[in-house]
Amino acid sequence: ATNDVSYAVPADHSLACALAAVRHRCSLDELDPRLPPAAGACLRSAAEQHRRFARYPGVVQRAAEIGRAAAFDVSLIAPRLPPYPCPDGLSEIQFLRRLVEEGGRRRYGERPLGAHEDLSLRSRAWRTIDHELDVIERLGFPGYFLVVWDIVQFCERNDILCQGRGSAANSAVCFSLGITKADAVSLGLLFERFLSAERDGPPDIDLDIESDRREEVIQYVYERYGRLRAAQVANVITYRARSAVRDMSRALGYSAADQDAFSRRFDSWSPIKDQREVTVPDLVVQLAQRVQDAPRHLGIHSGGMVICDRPVSEVCPVEWATMPGRSVLQWDKDDCAAVNLVKFDLLGLGMLSALHRAIDYIAEFRGRRIDLAEIPQEDEVYAMLCRADSVGVFQVESRAQMSTLPRLKPRRFYDLVVEVALIRPGPIQGGSVHPYIRRRNGQEPVTYLHPLLENSLGKT
């Protein structure tokens with residue numbers, strides 16, 4: 125014996141009715157004949173259920189038994205990546221080691237003979253590569269790197285600009301495979317920030333792809349790994365102040381003009397409860413405040429795709445997207461992580477499309493095909509940045525960046541790395557921006573909580 129449960133407690137009855145009206149795209153008055161008259165669709169306690177079904181001994185216990193029997197551990201459905209088709213009968217780790225060996229020779233030169241314990245870049249690079257490959261093999265992730273490498277190879281074959289971003293740049297393996305363009309060894313980057321034995325879950329490699337051609341890459345993934353075994357990840361869109369006020373106004377029967385007028389009086393980024401001066405009917409505000417931050421609908425993640433060793437619909441619900449040729453999960457990235465569905469981020473970047481056009485123009489008019497990773501660091505460019513002449517320059521064109529550039533005065537690439545990392549919510553809210561600039565310009569002494577921290581924090 126159970127009851128229909130639509131909300132947790134009786135007090136949520138009015139909100140549940142309003143949300144039902146939103147789902148049916150009508151007002152509460154229009155929906156009223158179909159709504160339950162009392163707040164009975166709440167989650168009842170065991171004692172209340174026993175009292176309600178006292179004339180039917182055992183039915184409550186049988187309901188509990190069914191519930192226990194239906195429960196299961198999501199780890200039972202844990203999917204894996206499909207096995208990568210390696211040539212010559214090689215295993216995934218053997219093929220990965222072969223690819224990295226070939227790429228490492230292109231990047232760093234031949235592997236040194238012997239123990240290669242010297243401190244040259246070449247020796248350090250090969251020691252780092254061996255260490256990273258051992259970690260990747262121990263954690264069981266060679267297939268992940270092969271899938272990402274395969275996507276990058278497709279982009280290169282089809283003249284699509286593509287580049288790994290984020291902590292993947294800390295990996296000499298990713299650099300050797302051509303996934304990233306930053307030399308993690310010469311830059312002294314820490315691999316464990318990207319992948320370590322102490323970290324749960326697979327590594328996270330984000331691929332920036334020129335936005336004009338990202339759809340080609342998405343369709344390649346579908347074709348390569350199977351239409352039913354790949355899907356895009358959903359994104360849960362939650363109610364903000366304006367959308368909450370608009371939907372609750374509609375449920376209460378207000379006209380479209382009133383809905384727009386009420387919603388425009390609120391700032392979407394602030395909690396409704398903090399905007400007390402706004403004049404909107406009390407019931408609208410009460411309902412909107414209760415629904416704010418609750419899920420409203422599903423969207424498609426900006427770049428997330430999952431690949432599975434079986435039809436994805438056997439693991440989670442899937443639906444066709446409105447865009448042709450796409451399918452999308454009804455789960456978000458956190459749900460996917462809970463069952464070990466591996467996500468790949470294929471992010472569209474408009475700046476890469478613009479850069480590709482620039483490369484084509486240079487080739488057409490100057491007869492030379494340039495490589496973005498090999499463009500020299502010219503002093504004139506840094507002089508422009510010091511003047512905040514950075515309109516249209518990726519990552520340093522915002523107001524905050526343009527106001528910081530003349531004070532920071534970047535003169536080398538790492539200065540820009542610090543600049544981009546500095547103008548972020550964490551350092552801004554933590555009050556780190558101005559102290560860093562004063563210390564960089566010699567206006568304030570640089571101190572450390574302990575001398576051992578200087579090696580890690582000296583650059584910033």
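Residue numbers for the sequence shown follow my numbering, beginning at 125 and rising by one. Ideal placement from N, C-alpha and C gives every residue a C-beta, glycine not left out. Remember, it's a predicted structure, so these values are computed and weren't measured experimentally.
Cut-off 7 Å between Cβ atoms - residues of its own chain near residue i, not counting five sequence neighbours on either side
{"i": "F537", "result": "Q501"}
{"i": "I561", "result": "R531 and L532"}
{"i": "Q277", "result": "none"}
{"i": "C141", "result": "L152 and L159"}
{"i": "V517", "result": "none"}
{"i": "Y349", "result": "P206 and I431"}
{"i": "H148", "result": "L155"}
Contact under 7 Å by Cβ, residue i with residue j
{"i": "S295", "j": "A308", "result": "yes"}
{"i": "S291", "j": "F315", "result": "no"}
{"i": "S310", "j": "L245", "result": "yes"}
{"i": "Y363", "j": "R420", "result": "yes"}
{"i": "L257", "j": "R221", "result": "yes"}
{"i": "V408", "j": "S379", "result": "no"}
{"i": "V402", "j": "P203", "result": "no"}
{"i": "F386", "j": "V369", "result": "yes"}
{"i": "K457", "j": "G427", "result": "no"}
{"i": "E334", "j": "S477", "result": "yes"}
{"i": "D424", "j": "V404", "result": "One detail in the question is off: residue 424 reads as Ile in this sequence, not Asp. The answer is no: Cβ separation not under 7 Å."}
{"i": "P326", "j": "V466", "result": "yes"}
{"i": "F250", "j": "R235", "result": "A quick correction: the sequence has Trp, not Phe, at residue 250. A contact, by the Cβ cut-off of 7 Å."}
{"i": "D330", "j": "R289", "result": "yes"}
{"i": "Y346", "j": "A354", "result": "yes"}
{"i": "V557", "j": "R563", "result": "no"}
{"i": "D332", "j": "L471", "result": "yes"}
{"i": "C166", "j": "V133", "result": "yes"}
{"i": "T126", "j": "A178", "result": "no"}
{"i": "Q218", "j": "A358", "result": "no"}
{"i": "I486", "j": "I494", "result": "yes"}
Residues that DSSP places opposite residue i in a beta bridge
{"i": "K467", "result": "V430"}
{"i": "E594", "result": "Because the chain here runs from 125 to 584, residue 594 falls outside it and cannot be looked at."}
{"i": "P419", "result": "T362"}
{"i": "W444", "result": "S451"}
{"i": "I424", "result": "A358"}
Where residue i sits in the DSSP three-state scheme
{"i": "E401", "result": "coil"}
{"i": "C286", "result": "strand"}
{"i": "Y131", "result": "strand"}
{"i": "I303", "result": "coil"}
{"i": "Y232", "result": "helix"}
{"i": "Y506", "result": "helix"}
{"i": "N565", "result": "coil"}
{"i": "C298", "result": "helix"}
{"i": "T126", "result": "coil"}
{"i": "R353", "result": "coil"}
{"i": "R204", "result": "coil"}
{"i": "L143", "result": "helix"}
{"i": "H255", "result": "helix"}
{"i": "W273", "result": "helix"}
{"i": "Y268", "result": "helix"}
{"i": "S291", "result": "helix"}
{"i": "I329", "result": "coil"}
{"i": "Y378", "result": "coil"}
{"i": "E322", "result": "coil"}
{"i": "W250", "result": "helix"}
{"i": "Y572", "result": "coil"}
{"i": "G554", "result": "coil"}
{"i": "H137", "result": "helix"}
{"i": "L220", "result": "helix"}
{"i": "F390", "result": "coil"}
{"i": "P395", "result": "coil"}
{"i": "P559", "result": "helix"}
{"i": "S310", "result": "coil"}
{"i": "V436", "result": "helix"}
Cβ shell of residue i (< 8 Å), same chain only, five flanking positions each side left out
{"i": "V392", "result": "Position check: residue 392 holds Ser in this sequence, whereas Val was assumed. Excluding positions up to five away in sequence, the list reads R364, A365, R366 and S367."}
{"i": "L139", "result": "Y131, L411, R414 and V415"}
{"i": "R248", "result": "V309"}
Own chain partners of residue i with C-beta closer than 6 Å, once the 5 adjacent residues on each side are dropped
{"i": "V544", "result": "Q519"}
{"i": "G267", "result": "L205, Y208 and E216"}
{"i": "Q173", "result": "V184"}
{"i": "D371", "result": "V146"}
{"i": "A293", "result": "T304 and A306"}
Please specify which runs of the alpha helix (DSSP H), each continuous and at least 4 residues long, are wholly inside the segment 153 to 197, giving them in chain order. 170 to 176 and 183 to 194
Note down, one range per segment and in chain order, each alpha helix (DSSP H) of at least 4 residues found wholly within the segment 481 to 548. 503 to 510, 523 to 532 and 537 to 546
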